[in-house]
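Residue numbering for the sequence shown follows this note's numbering, beginning at 5 and increasing consecutively.
Positions of the beta carbon are idealized from the N, C-alpha and C atoms, including for glycine.
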Amino acid sequence: MLCPHYNVCYLCPDAMIRPCEDARDAAIHGPIGAYIPTCDDNGQYTPKQCSGSTGYCWCVTSYGQKIQGTETPPGTAINC
Numbered sequence: 005m006l007c008p009h010y011n012v013c014y015l016c017p018d019a020m021i022r023p024c025e026d027a028r029d030a031a032i033h034g035p036i037g038a039y040i041p042t043c044d045d046n047g048q049y050t051p052k053q054c055s056g057s058t059g060y061c062w063c064v065t066s067y068g069q070k071i072q073g074t075e076t077p078p079g080t081a082i083n084c
């Protein structure tokens, strides 16, 4: 992961990469159609996660654990 610093990019130490960011970076470089998590500014998972390939959405904890019973099909409103 690259960290900006005074308009220069450098590699971040592994300790600075948070689990959501690590999962997102791995998914971005993974197979086409893989679920890519969304992270907030603090590196935590956002409450609402969606699959770009299927359109399904679900709620998760800040640690990315799926909250059972929250998965919704495409086009269905979800409030996490």
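Cβ-Cβ separation, residue j to residue i (assumed contact under 8 Å), whole Å
| i | j | result |
| --- | --- | --- |
| residue 70 | residue 61 | At roughly 11 Å, the Cβ-Cβ gap does not stay under 8 Å, so residue 70 and residue 61 are not in contact. |
Buried versus exposed, by CB contacts within 10 Å (16 or more), residue i
| i | result |
| --- | --- |
| residue 84 | exposed |
| residue 49 | buried |
Between the CA atoms of residue j and residue i - distance to the nearest angstrom
| i | j | result |
| --- | --- | --- |
| residue 76 | residue 40 | 17 Å |
| residue 68 | residue 74 | 13 Å |
| residue 24 | residue 42 | 7 Å |
| residue 57 | residue 46 | 26 Å |
| residue 37 | residue 81 | 22 Å |
| residue 59 | residue 78 | 5 Å |
| residue 63 | residue 72 | 8 Å |
| residue 35 | residue 22 | 22 Å |
Span of the beta strand (DSSP E), counted from its first residue to its last, around residue i
| i | result |
| --- | --- |
| residue 61 | 61-63 |
| residue 24 | No beta strand (DSSP E) holds residue 24; the alpha helix (DSSP H) holding it covers 23-32. |
| residue 54 | 52-54 |
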